[in-house]
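These notes concern the structure reproduced below.
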Amino acid sequence: MIDDQASSLRKMKQSRLIKVIAVTGGKGGVGKTNITLNTAIAMAKQGKRVMVLDADLGLANVDVMLGLRVEKNLSHVLSGECTLDEVLVTGPHGIKIAPATSGTQSMAELSPTQHAGLIRAFSELRSQIDVLIVDTAAGISDMVLSFSKASQDIMVVVCDEPTSLTDAYALIKILNREHGVFRFKVVANMVRDVREGQELFSKLSKVTGRFLDVALELVATVPFDENIRKAVRKQTAIVDAYPGSPAAVAITQLASKALTWPIPAQPGGHLEFFIEQLVAEKAVGSQR
1 MIDDQASSLR KMKQSRLIKV IAVTGGKGGV GKTNITLNTA IAMAKQGKRV
51 MVLDADLGLA NVDVMLGLRV EKNLSHVLSG ECTLDEVLVT GPHGIKIAPA
101 TSGTQSMAEL SPTQHAGLIR AFSELRSQID VLIVDTAAGI SDMVLSFSKA
151 SQDIMVVVCD EPTSLTDAYA LIKILNREHG VFRFKVVANM VRDVREGQEL
201 FSKLSKVTGR FLDVALELVA TVPFDENIRK AVRKQTAIVD AYPGSPAAVA
251 ITQLASKALT WPIPAQPGGH LEFFIEQLVA EKAVGSQR
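Residue numbers (the working numbering): 1 to 288.
See below:
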């Protein structure tokens, strides 16, 4: 079945060059989903067609943060009740969101067959997009690792907490040693100023430099901003509610920078490749 899926993907008539970014962090509470949503909206404001995949399949919160009404989610796609296009909801500035479920353990523990079914749903996606941003779950589960490895760019969000750095290091270590990922982009979030963000990045890069063969790049320092909390209460994005605030400016700059990251023509620049990488990951996992 896995081979058939990969073969059908290679035969897709239209090859879509899509930028695929995974936003992860290891630890929960570092502001990962906020970074994801605001980056997506900032990209959309620059004219890009953006989709957010809520890959925290058991504890969905992307739609909740924007106050969007969701009637169906990825669990309905898995059950065969509808297609992926039919569960997509439209957010600010036209961004598309693939919502997950909340409080459903079975969705957080998909079997290889179920995961392959979800991936197959992506191969049948009709919505045209330029950027796919994957908001992963916290931790270092197989699903987090699969989505991260399959993406072209991995943004690791960290904040000034010891557990944030240790968990980020653990995630980077596993992706590097067990999955052959060498490049990571780091976002220092909720810092007092640029200097603190650089110091946070320095701490992480020193330990990875000692023990791992990886290249880290600090791509953004997002300051602690009370306006973020205000925006969350309003169920709006800070880049919309308070576009001139320090955090909104930093995230808008991050979005602009991310749009300049090159999309490999082969093999990782195609949506098919993102899907095939996930299929391959699950195939290997099911054989262990």
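Glycine is no exception: its CB is placed at the ideal position from the N, C-alpha and C atoms. Owing to the predicted nature of the structure, the values given are computational and were not obtained by experimental measurement.
What whole-angstrom Cβ distance do residue i and residue j have, given they're in contact under 8 Å?
i           : j           : result
residue 223 : residue 246 : 5 Å
residue 61  : residue 101 : So it is not a contact: roughly 11 Å between Cβ atoms.
residue 348 : residue 184 : No statement about residue 348 is possible, as the shown extent of the chain runs from 1 to 288 and does not include it.
residue 154 : residue 260 : Wrong, their Cβ atoms sit about 17 Å apart, outside the cutoff.
residue 91  : residue 66  : 5 Å
residue 221 : residue 250 : 7 Å
residue 145 : residue 174 : 6 Å
residue 21  : residue 156 : Rounded, the Cβ-Cβ distance is 11 Å, inconsistent with contact.
Counting only the same chain and skipping the five closest in sequence on each side, list residues whose C-beta sits under 6 Å from that of residue i.
i           : result
residue 81  : none
residue 51  : 96, 129 and 132
residue 93  : 41, 44 and 45
residue 176 : 212 and 214
residue 255 : 39, 42 and 43
residue 147 : 22, 55, 134 and 136
residue 48  : 130 and 131
residue 32  : 23, 25 and 157
residue 166 : none
residue 197 : 188, 191 and 221
residue 225 : 245, 246 and 247
residue 258 : none
residue 79  : none
residue 210 : none
Are the beta-carbon atoms of residue i and residue j separated by less than 8 Å?
i           : j           : result
residue 131 : residue 19  : yes
residue 37  : residue 84  : no
residue 34  : residue 228 : yes
residue 68  : residue 89  : yes
residue 158 : residue 151 : no
residue 160 : residue 218 : no
residue 99  : residue 70  : yes
Over the uninterrupted alpha helix (DSSP H) stretch that includes residue i, give me the two end residues.
i           : result
residue 172 : 162-179
residue 211 : 194-211
residue 56  : It is not in any alpha helix (DSSP H) - residue 56 carries neither H nor E in the DSSP assignment.
residue 84  : 84-87
residue 40  : 32-44
residue 19  : Counting along the chain, residue 19 falls outside any alpha helix (DSSP H), though it belongs to the beta strand (DSSP E) covering 19-24.
residue 75  : 74-78
residue 246 : 246-258
residue 239 : 238-241
Please report the residue range of the beta strand (DSSP E) in which residue i lies.
i           : result
residue 289 : Since the first residue of the chain shown is 1 and the last is 288, residue 289 is not available in this structure.
residue 191 : 183-191
residue 101 : Looking at the DSSP string, residue 101 is not in any beta strand (DSSP E), and its letter there is neither H nor E.
residue 63  : Segment 62-65 is the alpha helix (DSSP H) holding residue 63; no beta strand (DSSP E) there.
residue 132 : 131-136
residue 158 : 153-158
residue 149 : Per DSSP, residue 149 belongs to no beta strand (DSSP E); it is in the alpha helix (DSSP H), 142-150.
Counting contacts by CB-CB distance shorter than 8 Å, is residue i in contact with chain B?
i           : result
residue 153 : This model lacks chain B altogether, as it is built from one protein chain only.
Using a Cβ-Cβ cutoff of less than 8 Å, which residues in the same chain neighbour residue i once the five nearest sequence positions on both sides are dropped?
i           : result
residue 253 : 220
residue 232 : 34 and 65
If I measure Cβ to Cβ from residue i and keep anything under 7 Å in the same chain, skipping five residues before and after, which residues do I get?
i           : result
residue 169 : 204, 207 and 208
residue 14  : In this prediction, residue 14 has a pLDDT of 43, which is less than 50 and means its spatial position is unreliable; nothing more can be read from the coordinates.
residue 235 : 65, 66 and 67
residue 140 : 26, 170, 171 and 174
Is residue i near the ligand HEM, judged by its Cβ being under 7 Å from some heavy atom?
i           : result
residue 101 : For the ligand HEM, the structure offers nothing, since it holds no ligand at all.
| message | Under 8 Å: do the region 29-44 and the region 239-248 share three or more Cβ pairs, one atom per stretch? | response | yes
| request: Evaluate the contact criterion for the region 191-198 versus the region 19-36: three or more CB pairs, one atom per stretch, below 8 Å. | output: no
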